[in-house]
Structures are given as C-alpha cells and as structure tokens.
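Colleague: Take a look at the following structure, please.
There are 2 protein chains.
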Amino acid sequence: MKPIDDITAYMENLGRAARAASRLTAAASTAAKNAALLEMARQIRAQQDALLAANAADLAEARTNGLDAALIDRLTLTAKSVEAMAQGLEQVAQLPDPVGEITDLKRRPSGIQVGKMRVPLGVIGIIYEARPNVTADAAALCLKSGNAAILRGGKEALRANQAIAACVRTGLKAAGLPETAVQVIETTDRAAVGSLITMPEYVDVIVPRGGKGLIERISKEARVPVIKHLDGNCHVYVDEAADPEKALNIVDNAKTQRYGTCNTAESLLVARAVATTLLPRIAAMLTAKGVEIRGCAETRALLPNAKEATEQDWYEEYLAPIIAVKVVAGLDEAIEHINRYSSQHTEAIVSENYTHAMRFLREVDSSSVMVNASTRFADGFEYGLGAEIGISTDKIHARGPVGLDGLTSQKWIVLGNGEVRS
Amino acid sequence: MKPIDDITAYMENLGRAARAASRLTAAASTAAKNAALLEMARQIRAQQDALLAANAADLAEARTNGLDAALIDRLTLTAKSVEAMAQGLEQVAQLPDPVGEITDLKRRPSGIQVGKMRVPLGVIGIIYEARPNVTADAAALCLKSGNAAILRGGKEALRANQAIAACVRTGLKAAGLPETAVQVIETTDRAAVGSLITMPEYVDVIVPRGGKGLIERISKEARVPVIKHLDGNCHVYVDEAADPEKALNIVDNAKTQRYGTCNTAESLLVARAVATTLLPRIAAMLTAKGVEIRGCAETRALLPNAKEATEQDWYEEYLAPIIAVKVVAGLDEAIEHINRYSSQHTEAIVSENYTHAMRFLREVDSSSVMVNASTRFADGFEYGLGAEIGISTDKIHARGPVGLDGLTSQKWIVLGNGEVRS
Numbered sequence: 002m003k004p005i006d007d008i009t010a011y012m013e014n015l016g017r018a019a020r021a022a023s024r025l026t027a028a029a030s031t032a033a034k035n036a037a038l039l040e041m042a043r044q045i046r047a048q049q050d051a052l053l054a055a056n057a058a059d060l061a062e063a064r065t066n067g068l069d070a071a072l073i074d075r076l077t078l079t080a081k082s083v084e085a086m087a088q089g090l091e092q093v094a095q096l097p098d099p100v101g102e103i104t105d106l107k108r109r110p111s112g113i114q115v116g117k118m119r120v121p122l123g124v125i126g127i128i129y130e131a132r133p134n135v136t137a138d139a140a141a142l143c144l145k146s147g148n149a150a151i152l153r154g155g156k157e158a159l160r161a162n163q164a165i166a167a168c169v170r171t172g173l174k175a176a177g178l179p180e181t182a183v184q185v186i187e188t189t190d191r192a193a194v195g196s197l198i199t200m201p202e203y204v205d206v207i208v209p210r211g212g213k214g215l216i217e218r219i220s221k222e223a224r225v226p227v228i229k230h231l232d233g234n235c236h237v238y239v240d241e242a243a244d245p246e247k248a249l250n251i252v253d254n255a256k257t258q259r260y261g262t263c264n265t266a267e268s269l270l271v272a273r274a275v276a277t278t279l280l281p282r283i284a285a286m287l288t289a290k291g292v293e294i295r296g297c298a299e300t301r302a303l304l305p306n307a308k309e310a311t312e313q314d315w316y317e318e319y320l321a322p323i324i325a326v327k328v329v330a331g332l333d334e335a336i337e338h339i340n341r342y343s344s345q346h347t348e349a350i351v352s353e354n355y356t357h358a359m360r361f362l363r364e365v366d367s368s369s370v371m372v373n374a375s376t377r378f379a380d381g382f383e384y385g386l387g388a389e390i391g392i393s394t395d396k397i398h399a400r401g402p403v404g405l406d407g408l409t410s411q412k413w414i415v416l417g418n419g420e421v422r423s
Numbered sequence: 002m003k004p005i006d007d008i009t010a011y012m013e014n015l016g017r018a019a020r021a022a023s024r025l026t027a028a029a030s031t032a033a034k035n036a037a038l039l040e041m042a043r044q045i046r047a048q049q050d051a052l053l054a055a056n057a058a059d060l061a062e063a064r065t066n067g068l069d070a071a072l073i074d075r076l077t078l079t080a081k082s083v084e085a086m087a088q089g090l091e092q093v094a095q096l097p098d099p100v101g102e103i104t105d106l107k108r109r110p111s112g113i114q115v116g117k118m119r120v121p122l123g124v125i126g127i128i129y130e131a132r133p134n135v136t137a138d139a140a141a142l143c144l145k146s147g148n149a150a151i152l153r154g155g156k157e158a159l160r161a162n163q164a165i166a167a168c169v170r171t172g173l174k175a176a177g178l179p180e181t182a183v184q185v186i187e188t189t190d191r192a193a194v195g196s197l198i199t200m201p202e203y204v205d206v207i208v209p210r211g212g213k214g215l216i217e218r219i220s221k222e223a224r225v226p227v228i229k230h231l232d233g234n235c236h237v238y239v240d241e242a243a244d245p246e247k248a249l250n251i252v253d254n255a256k257t258q259r260y261g262t263c264n265t266a267e268s269l270l271v272a273r274a275v276a277t278t279l280l281p282r283i284a285a286m287l288t289a290k291g292v293e294i295r296g297c298a299e300t301r302a303l304l305p306n307a308k309e310a311t312e313q314d315w316y317e318e319y320l321a322p323i324i325a326v327k328v329v330a331g332l333d334e335a336i337e338h339i340n341r342y343s344s345q346h347t348e349a350i351v352s353e354n355y356t357h358a359m360r361f362l363r364e365v366d367s368s369s370v371m372v373n374a375s376t377r378f379a380d381g382f383e384y385g386l387g388a389e390i391g392i393s394t395d396k397i398h399a400r401g402p403v404g405l406d407g408l409t410s411q412k413w414i415v416l417g418n419g420e421v422r423s
C-alpha cells in the first residue's frame, strides 16, 4: 500500500473522479450496468484464491492485534461466503432498474404534462466496519441505482476489500463503464472519513453501516446528508383483544428467532386486561428458551422470578436473550410508551380489534409498524425490495429498509408543446 | 416583549412543547385540522386592524433603522394582503389531507401484506425573512400535513408575526388542537436560530426561506436536516431541431415574464446549427424588451452589440434583465454545460427531436427538467400541488416544488394474520 501524504488532496481527487463517473453511471443503460455486475460476479469466483489469501493476511494481522472473536468472525471469508458474494451481484443484476421510471404524469390546465422521473442521487459514500462482503454488496446496489460510490471499509479488512475492489473495477471496465464508478479508499487513516463526510460538492449522501458509535460520530460530524440506522429497540404490544396463540407465536418469533438482529423485539408490552392469563404463558415459553425477563412491578407480581426493570431497560437494545416486560393500561399507554422509548425501528401490535390496529398503525411513529406479524419481517428481502443497503431510522428521505429506490430520488419532468406561463 | 435570559432553555422548552404537540397533530382528524385553518382565516380577517397596526409599528422602526425600499416593500401588509393571507388558509383547508394515505400494499410470499403509509415528519422549523404572510402560510402547510411548527420570522416583522401567531393560536384552540402546534419564536436574538437548527431531538427538519446568505449559513451550521433552496440559475437550450416559434416564445417567457423569480431563465444555450438563423431573432426580441445580452465569442460574432460573458456569468443568477448566451455544438455540450454551471433548479430544452428530448430529460441533473415549456412553470401551483413551502434544490427527500407531501414521509406498514418469520 503506497503511503498517502495529503489525505485531503487524495480524497478530493476521489471525489472529483466520482462526480465525473456519476454522470456516466446515471446515463448508463440497464444492459451495461447488468453486464458489469455479472462480470464482477465472474471475477469474484475466478479470484476466489486471491480473495481468501488477502483475507488470510488480514486475519493474521487481526489475531496479532488481539481482535476479539466476534470481529474475527465478521472479518472471515470462506469459499462459501465468496460464492454468496458472487450470487449477490447476480441477484442485483436481476432486479428491475429503478432509473428513469416516469410516474404520476398528469395534464395541467396550462396544457403541460407534469410528472416525476426517478434518478440517481449522484455519489454515495458508504462507511462500514469489518465485513468485506459489504464492498461487493454496496458496489452493486450503488451501480444498479445509477450512482457512483466511494467505499470505506474497516481497516482490518483492507487487503480483502482491495482484492474485491479489483474485481469490481474489472467488471466496470468490461462493460465500458468508468472504473472510478466504484472507488475503495486505499488508506486506513481516519482523516479520510473526515474528508468524505464533509465534501458536499462531491458526495451527495453518506450511508454508514456499523455499530451505533460509528454512526453517531458520523452523524455528528457530517456536512453531507446521512441515511442512518441507529439501534433497533423494537416492541411487541399484546392488546386486550389479542388472539392468544398469535400473541405467543409472534412474541416467540420476534424475541427468540435470532437475538442479535436489529428487528428482534427487545420490549414486550401487555394490556392489563390479559396480563394475568397471557403473561405467565408467554413467560414460561421465553424462560424455557433461556430468555431473562426484566419486568415492571406488575409484571413481577405475576412472574415472581422476573428481575426488576430499571428506567434504562426501556431504552435498551439488548441483542441478547433478555426482554423488558411492562404491563400497560391499554392501547393509549402502549403507544405513549413506544413513542417515548422506541428507537423508531419496528413495532408490532397483536390484536383482533380493528380500531386498535388502525390507531396503532397510524399513531406509532416508527419506520415499520405491524399488525399481527413478527417484527423480524422488517427486512428488505421480506418486504420485496430484492436487496437492502441498510435500514433507516431517519424520517427524511427513506425510512425502514432501504433498497434501490432509497438510493434514488425523483425529479420533476414537464412535457410541453410550446406552452408559456401567463 | 418580555426579555429572555436563557435562550437555550427557552428554545428547549419550545422544542419539548412542539414535540409533544406533534403527537397530537399527527393523530388529528382532517376535520379538526380544517376547522383550525378556517378559524385562523376568520381571525385574520377579524383582526385586520390589529395586524395592520402591528405592521405599522414594524414599518416605523424599519424606516428609523434606514432599511432599504425592497425590504420595506416585502415587510408591508395591506388590507389586500391580509385578505390574501386569510384566503391562503382557506385554500390549504381545501387540499386533500396527505396523512394516513396507504399505498403500494402487496402480499408477500410469507403471507404478510406490506405497504407504505404517509406520515408527518414531526416538528418543522421554518426560518424566514421579512414577509409576515409566511407566518400564516407556513403554519397552514405544517398543520395540514400533521406536523408541529416552530417559526422564526425576520426581526423586522416581529410585531406583525406575533399578531398573526395570536390568530393561529386561536384557530388551533377553537378546533381542540394544542396551541403549541404552531409556536412563533418571541425573541430576535440570533442565538435562537442557532438553537433551533441544532436540536435534532426536538426538530426533524428545517426549511429556510430567504436569501442565499441565510440559507448557506443555516446549511453549514445545522445538525438537523435542511430542505433548502439555493439559487435558480435556470437554462433554456435551443436545440438544432427546435421549432423556431416555440423557441422564441419560450425564451421570451422564461426570461422576461418576471425578472426576479427563481424559475426565470438566466442562461440561453443555442445549438450551432441554428445559431445563425435563430440567435439574431431571439436577440432582437430580448433587446427590444431591454434585456442585456452577455455572450460567448461565437454569440458576439453573430450579435455585435452583445457584451462579453466571463466565466462567472455562466454561474450567475441575475434576477435582472440580463441573460448569458452561449453557442454550443449540440445536445452533449448543452447537457455538459448545464450539469456544470446550473444550480440544479430548472432547465428546458426546445426541440422536436424525440431522442434529444428524452436524453435531456434523463441526463440533466436538475430538480425540474422540461421539454418545450417555459422554466417559469416550475412552481407548486402550476404543478398542481395546491401550495408550496418552497422549491428544493437538494437531491435528498424532496426535489423541486415542495408541497404538503414534501412535509411528510412514508413509513412501512405490515398487515399480518399471525405470521412469523421462518
């Protein structure tokens, strides 16, 4: 790796090249973008040995530096994960091209037709941590949506990321697209991130993918809009009109199917009217699976083995077999509690009452709101987006799972026949 | 006006109250919101004398402080403009309510139905300059879209803004909505703006309405997303396949209908193949109307009276009877020039060539792109939005004229029947 003396100048060069490339990716045909993606997949497969060797060198250094087992796990590539990366590129090639889609054309009294056209955002900066496969995923989604990308992976994965970047460049070149359409930052210097997030003239949006610390830091310092995903403190509310079997199944799935995902339920609210009958059954199911219950006073009166929940528990994203449980008066208190403590990711109500379901859908201010379904469904693939670049807990631009559409915006188009304004 | 000692504490109180009110405005019925708007209109009419008296005091102070005539003009209320304010409120009451609209519901293989629901952004901060009528306009648009608003008008209009704010509060109260749904900042201390744009916990988006200096400053310092409108350096490109009469009419209207609006054309590009025949006719028309032409070398060869355009002229938003004119090789150079120099507001091509029109629509990266129509159509009313809070030159969230929809976003909703993820 060549040393880079002037990080600011280096990043500005990347930015200028990305801006220029973004004009070409925006105008690129669907066929050219797909050809590039398929060639990238072929390259990834052909270069499997080189990718694994680069990854082995990254891993050796990570072990020398005493990185923890979870990080080593995220960093590790295998023959299987390399194949998955190639397949991911092929899947993105098969998604419909969002760019250029014209919608809502209507004729106005002046005679003009006004509508919207979906267009790329321009240049997207992606900042991520250990997983090298994000390099291929992010490159694919940005290119398919007509954007140029500047990628900054974790310093631990530098060699693997460079090896993947070489495959991406070969794919771009083979399809006649500029190799600078996807650039991977070649330095681990943190000043590069500082530049990337403060160059609004070259970068249109930043998508950070990683832990809460990374995302908070970036949001705080960015001068470019950030599509961010903070934590997932997701709730299930079991209403007094809940179907008991649905309640049990949904709480089970939402909490225990996977503990470490952002759409896992972390808090359970139960309407007082059904707490006596339902809460012991739910608790027995959770306890049998090794889930620790932290409850409010009423919960603990019903479940003597439950620990005491502190104020902090209502905010917590455990990502672990722990759940906070609160008995609430009913729908109003449930909505109030959720809008106060939730991270606005995903919440579900279990209820057979139409009005309760409709009010929950409307009044809960989260990116995904569900009736009688597990919070675990909050996912780009489950929603039919085909792929996702992340899940946004923001309110502006894109909320919830962000797919290709989230990497585009809509401009207005006017089709006239010589009309002028009077 | 009571003095405020601790601006930060004062603004945090406003923020907290707005956040609480936003829960109620988000859930408010269309009927309640409309009732509030109609009562505000009644109040504005009933309080006409009080509004004009407050405005007279503002104007007296402005004259004492030596403010310029243009500013005094923007500051001035009349019986007619007070009536227009009331009618504006009534018009917003008649617009369809965007909140709660469910679209794109589709069933997924898992059995769940996934769709989107339009929801308010939450709390909107509006920062504007002299015009007191913005207080009523902004209050109406924020409320109708289910948001709470914190308004900060120009210090010159403080008394009129407070008088309008009293009418707004009365309307809210009459409809059973919280008076804190629309709060007008009661201090002219600039620190209040500094607080408003750096409270992401209480404010979801900032919409600055005013000069470029104000907007640049706010964008630079904001920690909250900003929907901004910088300048309008709009272009008309007369293609070699242009219909000459349409070209003349469109250039005439785009440049001369009004000089001071952001959707007025500031630059004209003419394809070389038709420059000799068309440019002298266009120039004669413009010159007859007193428009100064600043041209490239080729333009000046055809129009000996034209001044020389400097590099800076291609960037300029004149807001005056001046136009920059450049002869270009054709479509490619026109698109390249526009994407380089434009402020990404509005651009138009005049052409009968289908492929040129389609390429211009797709490849020009501006918030409104037009074929055979005057740039002057870039406007919320002309586009059928009913009203606009501004015109965004951003790419994220909302581009171009921003109406009620631009003050909302979409969350995901899932309608299930007990489904869990496998």
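Same order as they appear, the protein sequences are chains B and Y. For any residue, its number in this note's numbering is found by taking its place in the first sequence, counting from 1, and adding 1. For any residue, its number in this note's numbering is found by taking its place in the second sequence, counting from 1, and adding 1. Ideal placement from N, C-alpha and C gives every residue a C-beta, glycine not left out.
(1) P226/Y touches chain B at which residues, Cβ-Cβ below 7 Å?
(2) So, is L424/B buried or exposed, given that buried needs 16 or more other C-beta atoms within 10 angstroms?
(3) Cβ atoms of E318/Y and D395/Y: under 8 Å apart, would you say?
(4) Below 7 Å on C-beta distance, what does I113/Y contact in chain B?
(5) Counting only Cβ pairs nearer than 7 Å, list the residues of chain Y close to A28/B.
(6) Could you list which residues in chain B have their beta carbon closer than 8 Å to that of D205/Y, in chain order?
(7) Looking at the unbroken alpha helix (DSSP H) that takes in V83/B, where does it start and where does it end?
(8) What are the complete beta strand (DSSP E) segments, minimum 3 residues, inside the region 89–161 of chain Y?
(9) For A192/B, tell me which candidate among A223/B, D333/B and G387/B has the shortest Cα-Cα distance.
(10) Hey, does W413/Y have any beta-carbon neighbour from chain B nearer than 8 Å?
(11) Quick one: using the 10 Å Cβ neighbour count with 16 as the cut-off for buried, is S30/Y buried or exposed?
(12) Hey, out of C143/Y, L90/Y and A47/Y, whose CA is closest to V100/Y's CA?
(13) Assuming E348/B and R109/Y form a contact by the criterion Cβ under 8 Å, report the distance between their Cβ atoms to the nearest whole angstrom.
(14) DSSP beta-bridge partners for W413/Y?
(15) In the DSSP assignment, find the unbroken alpha helix (DSSP H) run with V424/B in it and report its ends.
(16) Would you mind working out which of D380/Y, L90/Y and E130/Y sits nearest T265/Y, comparing C-alpha positions?
(17) Under three-state DSSP, which class holds H338/Y?
(18) Alpha carbon to alpha carbon, how far is I128/B from R218/B? Give it in angstroms, no decimals.
(19) What number of angstroms, rounded off, separates the C-alpha of A330/Y from the C-alpha of A18/B?
(20) Under 8 Å between the Cβ atoms of S149/B and V124/B?
(21) Scan the region 185–212 of chain B for residues whose Cβ lies nearer than 7 Å to a Cβ of chain Y and list them as they occur along the chain.
(22) Which residues in the same chain as S375/Y place their Cβ atom closer than 6 Å to its Cβ, once the five residues preceding and following it in sequence are excluded?
(23) Please check if any C-beta of chain B sits within less than 8 Å of the C-beta of E420/Y.
(24) Just the C-alpha distance for A167/Y and L152/Y, rounded to the nearest angstrom, thanks.
(25) In the DSSP assignment, find the unbroken beta strand (DSSP E) run with Y238/B in it and report its ends.
(26) Tell me where the beta strand (DSSP E) around I294/B begins and ends.
(27) Taking C-beta to C-beta, are I165/Y and A137/Y nearer than 8 Å?
(28) Would you say G233/Y lies against chain B (beta-carbon separation less than 8 Å)?
(29) Taking its Cβ as the centre, do 16 or more other Cβ atoms sit within 10 Å of L106/Y, making it buried, or is it exposed?
(30) Determine whether the Cβ of V292/B lies closer than 8 Å to any Cβ atom of chain Y.
(31) In chain Y, which residues lie with their C-beta within 7 Å of the C-beta of N340/B?
(32) According to the neighbour-count rule (16 or more other Cβ atoms, all chains shown, within 10 Å of its Cβ), is S423/Y buried or exposed?
(33) With a 10 Å radius around its C-beta and 16 neighbouring C-beta atoms as the bar for buried, classify Y355/Y as buried or exposed.
(34) For the beta strand (DSSP E) containing K221/Y, name the first residue and the last one.
(35) What's the call for K34/B, buried or exposed, on a 16-neighbour Cβ count within 10 Å?
(36) Quick one: what's A325/Y bridged to in DSSP?
Modeller: Taking the structure as given:
(1) On the second sequence, position 225 is the one that residue 226/Y refers to. The answer, in chain order, is P226 and I397.
(2) This structure cannot settle anything about residue 424/B, because the visible part of chain B is limited to 2 through 423.
(3) On the second sequence, position 394 is the one that residue 395/Y refers to. On the second sequence, position 317 is the one that residue 318/Y refers to. Not closer than 8 Å, so no.
(4) Residue mapping note: residue 113/Y aligns to position 112 of the second sequence, counting from 1. Those are A374 and F378, listed as they occur along chain B.
(5) Start at 1 with the first residue of the first sequence, and residue 28/B comes out as number 27. Those within 7 Å of A28/B in chain Y are R363 and E364.
(6) For the purposes of this step, residue 205/Y is taken as the residue at position 204 of the second sequence. Residues of chain B passing the Cβ test: K396 and I397.
(7) Locating residue 83/B in the first sequence gives position 82, counting from the first residue. It spans A80 to Q95 - the alpha helix (DSSP H) in which V83/B sits, taken as one unbroken run.
(8) 103–108, 114–121, 124–129 and 149–153
(9) Here the question's residue 192/B lines up with position 191 in the first sequence. Cα-wise, what sits closest to A192/B is A223/B.
(10) Start at 1 with the first residue of the second sequence, and residue 413/Y comes out as number 412. Yes, because at least one Cβ of chain B sits closer than 8 Å to the Cβ of W413/Y.
(11) Mapped onto the second sequence, residue 30/Y falls at position 29. Its Cβ having fewer than 16 others within 10 Å, S30/Y is exposed.
(12) The residue you call residue 100/Y lines up with position 99 of the second sequence. Ranking C143/Y, L90/Y and A47/Y by Cα distance to V100/Y puts C143/Y first.
(13) Here residue 348/B is taken as the residue at index 347 of the first sequence, counted from 1. Here residue 109/Y is taken as the residue at index 108 of the second sequence, counted from 1. Not really, about 19 Å apart at Cβ, beyond 8 Å.
(14) The count along the second sequence starts at 1 and reaches residue 413/Y at position 412. DSSP output for W413/Y lists S369/B and K117/Y as bridge partner(s).
(15) Since the displayed chain B opens at 2 and closes at 423, residue 424/B lies outside it and no answer follows.
(16) Taking the second sequence and counting its residues from 1, one reaches residue 265/Y at position 264. The shortest C-alpha separation from T265/Y is found at D380/Y.
(17) Locating residue 338/Y in the second sequence gives position 337, counting from the first residue. Looking at H338/Y - three-state DSSP - the assignment turns out to be helix.
(18) Within the first sequence, numbered from 1, the residue matching residue 218/B stands at position 217. Within the first sequence, numbered from 1, the residue matching residue 128/B stands at position 127. If you take the alpha carbons of R218/B and I128/B, they lie about 12 Å apart.
(19) By one-based count along the second sequence, residue 330/Y stands at place 329. By one-based count along the first sequence, residue 18/B stands at place 17. Rounded to whole angstroms, A330/Y to A18/B spans 25 Å at the Cα level.
(20) The residue labelled residue 149/B in the question sits at position 148 within the first sequence. The residue labelled residue 124/B in the question sits at position 123 within the first sequence. The amino acid occupying residue 149/B in the given sequence is Ala; Ser does not appear at that position. Yes, the Cβ-Cβ distance between A149/B and V124/B is below 8 Å.
(21) D205 and V206
(22) For the purposes of this step, residue 375/Y is taken as residue 374 along the second sequence, with counting starting at 1. So the list reads I251, N254 and A255, once near-sequence residues are dropped.
(23) Counting from one through the second sequence, the residue named residue 420/Y turns up at place 419. With 8 Å as the cut-off, E420/Y counts as an interface residue toward chain B.
(24) Stepping through the second sequence from its first residue, residue 167/Y is reached at position 166. Stepping through the second sequence from its first residue, residue 152/Y is reached at position 151. Spanning the two alpha carbons is a distance of roughly 13 Å.
(25) Residue mapping note: residue 238/B aligns to position 237 of the first sequence, counting from 1. Counting along the chain, the beta strand (DSSP E) containing Y238/B begins and ends at C235 to V239.
(26) Sequence index remark: in the first sequence, residue 294/B carries index 293 (1-based). Residues E293 to G296.
(27) Numbered from its first residue, the second sequence carries residue 165/Y at position 164. Numbered from its first residue, the second sequence carries residue 137/Y at position 136. Result yes, Cβ atoms of I165/Y and A137/Y sit closer than 8 Å.
(28) For the purposes of this step, residue 233/Y is taken as the residue at position 232 of the second sequence. With 8 Å as the cut-off, G233/Y does not count as an interface residue toward chain B.
(29) As a working mapping, residue 106/Y is identified with position 105 in the second sequence. When all chains shown are included, L106/Y counts as exposed.
(30) Taking the first sequence and counting its residues from 1, the one referred to as residue 292/B is at position 291. With 8 Å as the cut-off, V292/B does not count as an interface residue toward chain Y.
(31) The sequence position of residue 340/B within the first sequence is 339, counting from 1. Correct list: R24.
(32) Locating residue 423/Y in the second sequence gives position 422, where the first residue counts as 1. Label assigned to S423/Y: exposed.
(33) In the second sequence, residue 355/Y corresponds to position 354, counting from 1. Exposed.
(34) Numbered from 1 along the second sequence, position 220 holds the residue referred to as residue 221/Y. First-last for K221/Y: K213 to E222, but that is the alpha helix (DSSP H), not the beta strand (DSSP E).
(35) Numbered from 1 along the first sequence, position 33 holds the residue referred to as residue 34/B. With 16 or more Cβ atoms within 10 Å of its Cβ, K34/B is classed as buried.
(36) Here the question's residue 325/Y lines up with position 324 in the second sequence. A325/Y pairs with S268/Y and R295/Y.
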